[in-house]
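In the numbering used here, the protein residues as written are 30 to 790. In what follows, a structure is listed as structure tokens, so that the remarks can point back to it.
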Amino acid sequence: MATLTFKAGDTFQSDNKTIYQVAAGTVNMAYSGGSTSIEKGGMLGALELFLPEPSFTYEAVTDVTLQTLAIPDITSLQTQITAKPSIAKALFSIALKQFNALSKDYEMQFYEVDTLYNSLKNDYEQYATVCKNMGSAPQEPEDMVDLNPPFRPADIAITAFYDQFLQDPNCVLLQEVAKNAWTASAFVYHLAYDSTFIVKSFEELEAYHMRLISCYMSTEGTGLVNLVLNTAGKFSSMTPELDDLLNNLRFSLTSLESDPCMEQDLFDDACKQMDLTIASLSGGPLPVGISDSDVDNASSISNAEAEEGIANSLQAILNYSGIPLADKDAVFENVRAFEKLPDRASTDDNARKICRAISSAFNQIYSFCAKKAVTDPNVPVVVKMFLYFGYMDEAVAGRDMAVQLYKIAAVHKADDDSNVYPFFDWLCAIYQGKKEPSRNEFEQDYTDSIHALKVSNKITAAEERELLENQLKKVEYELENVFPSVNKITYGRISTYCPIFSSHNVPASLSKSIVEHDKVKEVTDYVLSVDYSAYAREILYSNPKIGLNKDFVHIDVLPDFILLPNVGVRGAMWQEIEAKKRSTPCRMMLPIFLLGELKPAILRMTGEYRWEMCKRIQGARWNDLSDPSLTSEYFDYVQFYRKNNDLSADAKEKIKNNLVRAKNNYKEMFLLDYLSWIMYESAGSPRLNKVSRAIVAKYCPFRKDIRERLSSNPQFQPLFERYNHQMSQVKHKYEVIRQKLSNAGIPFPDELEKEWEYLER
């Protein structure tokens, strides 16, 4: 045997006449449909023996050592097997496993493509219906002409023949084949030859997949998205059927976000246009966080005063920040270049270069201004506009919008009783010691980061104590470790990210798109009116005087909503608790201008909070069914749905479709079910299957009035009866305590009275 070595990152191919055994390291076997890893002890080349050309490309994941066995022709293989019969079984085992990996990848990708085809077909039919109802003929995307369903080659059926050997390596037929050198060699030859059909089918499937993508959107603007947007442009306001079409199409686009065949720039632009159209026809974004009194009081500022105040805004902001003169000049140059772009949402190289430069400078200037402003009682209004809204320049923002922003910033005052914080108000709360800094994207909070410096001997114990009490350093941590990431996440459109407030990003007047504090409360009140325990936390209660040494009671802890200074499209549930204190609020991030519906954004973050909080409580056992919880039961349900006899064939098919849409992410699957549970099932419109409904009903129960209203529905009745029985047992415990205390003339503790009220919800 000869020895070959490859460095990590090296690529190579088989010569179709050699078996390579991995003596050390890991190799990635890549093909047009995907890849599979081959560890130490595995073999390469078994599926390529005697073929006219290589089928795979191998890449060394680590430094690799290969032992080679030359097999120039089938006669040579027969000779090798005759001399050492164990070679046949080893070849069979390795080749069958690799063949099986290929066929499984093909089946998964065929299913995904078939699902995409059906989504496209349904979206187009809905578009055609809208066109016909408005009296116009629907157009057809160019690539949809003569488009047939995906074709599964008959040769793929051969995989079932080989599956039987993989499932039972000791089957009689395989044993008989291995006994004879000629039949064993022929088996390996045909296995390699049959694998070429799958590799070729992958290539055909990928071409078909790309055609489906271009049916949705193309650089020529002939895709379904463009046709739908053109049709929507003929409406002056949203109609139910148009709303259905736009939201279904938007959902289809979401499922394509991480598709490897998708051009990211094309995708981002399509999503942006869809979001702007939906928001515009719906009357603009729903407001989310500046108090409505700010908007009302803004009228007390005259236009003349505002116009005078916004003059030379960029100069005033840069002067306040104190950045070096050379940096100021660069910022001026880039902002002026951005202002003059014919399309500020363009993804061409020049536009992206300008946006990257502005984004980098924006974070630096924001940090300088914020650290100065938290200690400044007289922050200039234009600096407030920058800190609250991301505003920098009147020409970029548009004078009318700049005037409106000035009026709002001039009268805004932080509300100490609110759980909704514009980002600068949040920084002030940290500086004042009312809040602790958030965890960074690596789950590390301020205390952990300072302690890590101490452990690595970069600071002394005294310096550690000093830093833990330094409020300005805490503000700095939030600005450097949280703000850049979360501002980009909530903005949402990564390829065109530019945080500066620009008129091209706001689809309607500011009166419709600016956020209002009361709207957040309205949505959280709605959430609690359906899912009463959504924000409830269990805390330990002890009262030895009444014989209660250890018990758990519930308290409501509403989230802190932090509004980032951008015009964005999505929210982010950033952290479920503060440090390790379970009685602290979770943190939900939103853009201060939200392009889209607020209710589903908060509902989604609430569902994510429920999932992450459960994982936090359960720890390493979050998916261990022996310790029942929301995450463990839901994880088990999705993982083993195929074997679940309580699910119909249709229900299993729907789960498969949802798994594809959720990119095989179980939390994303739960979020889909949670949204359906709150928005539809609570209204008596069943959307979930029997199993998922039982899990969600157990851990996210409806409020009492909804349970009573739906109790006659046979799909809900047994679930609510089980829940009521469990609650009656818990309440009985407190009834006994109440009676015991009453007999002794001792008042029932307020904490237990509140727990009783909670149980009565």
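The beta-carbon is built from N, C-alpha and C at its ideal position, and this holds for glycine as well.
query: Could you please give the first and the last residue of the uninterrupted alpha helix (DSSP H) stretch that includes His-219?; result: 210-245
query: What number of angstroms, rounded off, separates the C-alpha of Ile-352 from the C-alpha of Cys-160?; result: 55 Å
query: Excluding the 5 residues preceding and the 5 following Ser-740 in the sequence, name in chain order all residues of the same chain whose CB lies nearer than 7 Å to its CB.; result: Gln-746 and Phe-749
query: Trp-640 lies in the alpha helix (DSSP H); which residues open and close that run?; result: 627-647
query: Going along the chain, which residues of its own chain have a beta-carbon closer than 6 Å to the beta-carbon of Asp-580, five neighbours each way excluded?; result: Tyr-570
query: Have a look at Lys-503 and Ile-459 and give me their C-alpha separation to the nearest angstrom.; result: 7 Å
query: Counting only the same chain and skipping the five closest in sequence on each side, list residues whose C-beta sits under 6 Å from that of Glu-789.; result: none
query: Kindly identify the DSSP beta-bridge partner or partners of Tyr-60.; result: Gly-63
query: By DSSP, does Ile-518 sit in helix, in strand, or in coil?; result: helix
query: Please check the pair Ala-221 and Glu-77, which I expect to be a contact at CB under 8 Å, by giving their CB distance rounded to whole angstroms.; result: 6 Å
query: According to DSSP, which residues form a beta bridge with Gly-597?; result: Leu-623
query: Are at least three pairs of beta-carbons, each pair with one atom in the stretch 417-427 and one in the stretch 469-480, less than 8 Å apart?; result: no
query: Is it true that the stretch 590-609 meets the stretch 525-535, where meeting means three or more beta-carbon pairs spaced less than 8 Å apart?; result: yes
query: For Thr-40 and Arg-716, what's the separation of their Cα atoms in angstroms?; result: 49 Å
query: Which residues share a DSSP beta bridge with Val-51?; result: Leu-95
query: For chain D, find out if any of its Cβ atoms is closer than 9 Å to the Cβ of Met-708; answer yes or no.; result: Of the protein chains in the structure, only one exists, and it is not chain D.
query: May I ask which residues mark the beginning and end of the beta strand (DSSP E) holding Ile-568?; result: 565-572
query: What's the C-alpha gap between Thr-268 and Met-163?; result: 11 Å
query: Return the bridge partner residues of Phe-581 from the DSSP annotation.; result: Leu-569
query: Tell me which residue opens and which closes the alpha helix (DSSP H) that Phe-128 is part of.; result: 115-162
query: Is it right to say Lys-692 is buried, meaning 16 or more other beta carbons lie within 10 angstroms of its own, or is it exposed?; result: exposed
query: DSSP three-state call for Glu-88: helix, strand or coil?; result: strand
query: Counting C-beta neighbours from all protein chains within 10 Å, is the total for Ala-166 16 or more, i.e. buried, or is it exposed?; result: exposed
query: Determine contact between the stretch 628-641 and the stretch 690-708, defined as no fewer than three beta-carbon pairs at a distance below 8 Å.; result: yes
query: Whose CA, out of Glu-136, Thr-108 and Trp-651, lies closest to the CA of Gly-63?; result: Glu-136
query: CB-CB under 6 Å to Tyr-703, same chain, minus the five flanking residues each way: which ones, in chain order?; result: Gly-636
query: Within the same chain, show all residues whose beta-carbon is closer than 6 Å to that of Glu-697, passing over the 5 residues directly before and after it, in chain order.; result: Ala-691
query: Give, in chain order, every unbroken run of the alpha helix (DSSP H) that is at least 4 residues long and sits entirely within the stretch 330-398.; result: 332-339, 342-350 and 354-369
query: State the DSSP-derived secondary structure class of Gln-302, mapped to helix, strand or coil.; result: helix
query: Let's test the definition: count the other Cβ atoms within 10 Å of the Cβ of Gly-262 and tell me whether it reaches 16, buried, or not, exposed.; result: exposed
query: Buried or exposed, going by whether 16 or more other CB atoms sit within 10 Å of the CB of Lys-382?; result: exposed
query: To which residues of the same chain is Ser-281 closer than 6 Å at the C-beta, ignoring the five residues directly before and after it?; result: Ser-148 and Asp-152
query: Taking all protein chains shown into account, decide if Gln-877 is buried (16 or more other Cβ within 10 angstroms of its Cβ) or exposed.; result: Not covered by the structure: residue 877. The range shown for the chain is 30 to 790.
query: Taking the alpha carbon of Val-511 as the point to measure from, which residue in Leu-275, Phe-471, Asn-45 and Cys-643 has its own alpha carbon closest?; result: Phe-471
query: With a CB to CB cut of under 7 Å and the five nearest residues on each side skipped, what residues in its chain are close to Pro-316?; result: Note that Pro-316 scores a pLDDT of 35, beneath 50, so its modelled location is shaky and nothing firm can be said.
query: Specify, as a first and last residue, the run of the alpha helix (DSSP H) that Phe-530 falls within.; result: Looking at the DSSP string, Phe-530 is not in any alpha helix (DSSP H), and its letter there is neither H nor E.
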